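Protein chains in written order, with the working numbering: chain A, 52 to 123; chain B, -8 to 193. Heads up, the beta-carbon is just placed ideally off N, CA and C, and yes, glycines get one too. For clarity, every value in this text was computed on a predicted model and none was experimentally measured. See below for the structure under consideration.
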């Protein structure tokens, strides 16, 4: 298995959010993340950006507090 | 807050639903602006979505929340607007405009992080996402993102389209799509870290 450098590891961290990785890619990424603290943070940040879209949708569609109270 | 059992009653009358449309409008507008990067186009798209919601009111089955249903209508309108932008030639070519350099600057020639660019902890993800300040920085970083990248990124992360669907819409190869998303995420994380952590540290 070829050793990943950080730049390449970030490519896989990103791709993983769009499509499932092949087994080789998964292993290489896992191995790199286990040793590299900076990439571990980067992986968390990419995940957070990914989750942010879902949170934004939830915030957009959440029931407003200030309406509907007097419709019954 | 999750919808209380009362919210079903609130959605019962057309009148109540129209009041809820008015209440959700600013949030729809903020979302459309982020996606279309054009305030007047975002206005138009939200207006169309609200009109459609009223016209198709009978189609609201109550299976999803009312706001979620309206949001679905808005997403379709945004997609129509994006297609129209593309037809008008508003989507520039995919040529690099210094973006690659900005991304590469985060790494050394060996492929390791530059010391300056090494990602740091953003703290607990849940409290980060709950912070108003984070969303302010997020907004300004989205605006700073090059348009071509922002478009693909928002189609993926805000609209929730798959990279396959995005390729079809944008007329690019899926591989190209992953490259663009990779760059977008690296640029965004760098921008957010700068804006978000400097604030948190001070």
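Short Cβ contact (8 Å threshold) for residue i with residue j
i: residue 69/B; j: residue 23/B; result: yes
i: residue 183/B; j: residue 69/A; result: no
i: residue 56/B; j: residue 111/A; result: no
i: residue 180/B; j: residue 100/A; result: yes
i: residue 149/B; j: residue 27/B; result: no
i: residue 92/A; j: residue 112/B; result: yes
i: residue 195/B; j: residue 123/B; result: Chain B is shown only over -8 to 193; residue 195/B falls outside these bounds and no answer can be derived.
Minimum C-alpha distance to residue i - residue among the options
i: residue 77/B; options: 119/B, 160/B, 36/B; result: 160/B
i: residue 8/B; options: 19/B, 73/B, 61/B, 114/B; result: 61/B
i: residue 136/B; options: 91/B, 165/B, 163/B; result: 91/B
i: residue 96/A; options: 18/B, 164/B, 119/B, 81/B; result: 119/B
i: residue 102/A; options: 37/B, 67/B, 117/B; result: 117/B
i: residue 139/B; options: 170/B, 54/B, 121/B; result: 170/B
i: residue 104/A; options: 121/B, 166/B, 189/B; result: 121/B
i: residue 125/B; options: 189/B, 80/B, 29/B, 53/B; result: 189/B
Cβ-based neighbour list, residue i, same chain, cut-off 6 Å, excluding 5 preceding and 5 following
i: residue 64/B; result: 40, 43, 44
i: residue 81/A; result: none
i: residue 108/B; result: 97
i: residue 21/B; result: none
i: residue 144/B; result: 175
i: residue 15/B; result: 58
i: residue 64/A; result: 94, 97
i: residue 109/A; result: none
i: residue 19/B; result: 37, 65
Close-in-space but distant-in-sequence residues of the same chain around residue i (CB under 8 Å, 5 per side omitted)
i: residue 122/A; result: Its pLDDT being 38, under 50, residue 122/A is placed unreliably in this model, and the coordinates cannot settle the point.
i: residue -6/B; result: Residue placement at residue -6/B is flagged as unreliable, the pLDDT there being 47, under the threshold of 50; the coordinate-derived value follows with that caveat. So the qualifying residues of the chain are 56.
i: residue 87/A; result: 57, 60
i: residue 193/B; result: At residue 193/B, the pLDDT of 47 sits below 50, so the modelled position is not reliable and the matter cannot be decided from this model.
i: residue 66/A; result: 72, 76
Cut-off 7 Å between Cβ atoms - residues of its own chain near residue i, not counting five sequence neighbours on either side
i: residue 152/B; result: 146
i: residue 35/B; result: none
i: residue 83/A; result: 55, 60, 90
i: residue 98/B; result: 104, 105
i: residue 128/B; result: 183, 186, 187
i: residue 5/B; result: 48
i: residue 58/A; result: none
i: residue 168/B; result: 143, 154, 157, 158
i: residue 94/B; result: 174, 177, 178
i: residue 164/B; result: 158
i: residue 133/B; result: 25, 141
i: residue 66/B; result: 150
i: residue 110/B; result: 180, 184
i: residue 30/B; result: 24
Give, in chain order, every residue of the region 19 to 35 of chain B whose Cβ lies closer than 7 Å to some Cβ of chain A.
-> 19, 22
Select from the region 54 to 76 of chain A all residues with a C-beta closer than 7 Å to any C-beta belonging to chain B, and list them in chain order.
-> 56, 57, 58, 59, 61, 62, 65, 66, 69, 70
Taking any Cβ of chain A, which residues in the region 39 to 67 of chain B have a Cβ under 7 Å from it, in chain order?
-> 56, 58, 59, 62
Which of the residues in the region 100 to 123 of chain B, read from start to end, lie with their CB under 7 Å from any CB of chain A?
-> 101, 102, 103, 104, 109, 110, 111, 112, 113, 116, 119, 120
Short-range partners of chain A found in the region 173 to 184 of chain B, where Cβ spacing is below 8 Å = 173, 176, 177, 179, 180, 183, 184
Below 8 Å between beta carbons is the criterion; list the residues of the region 84 to 98 of chain A that meet it against any residue of chain B, in chain order.
-> 89, 90, 92, 93, 95, 96, 97, 98
Name, going along the chain, the residues of the region 149 to 165 of chain B whose beta-carbon falls closer than 7 Å to a beta-carbon of chain A.
-> 149, 151, 154
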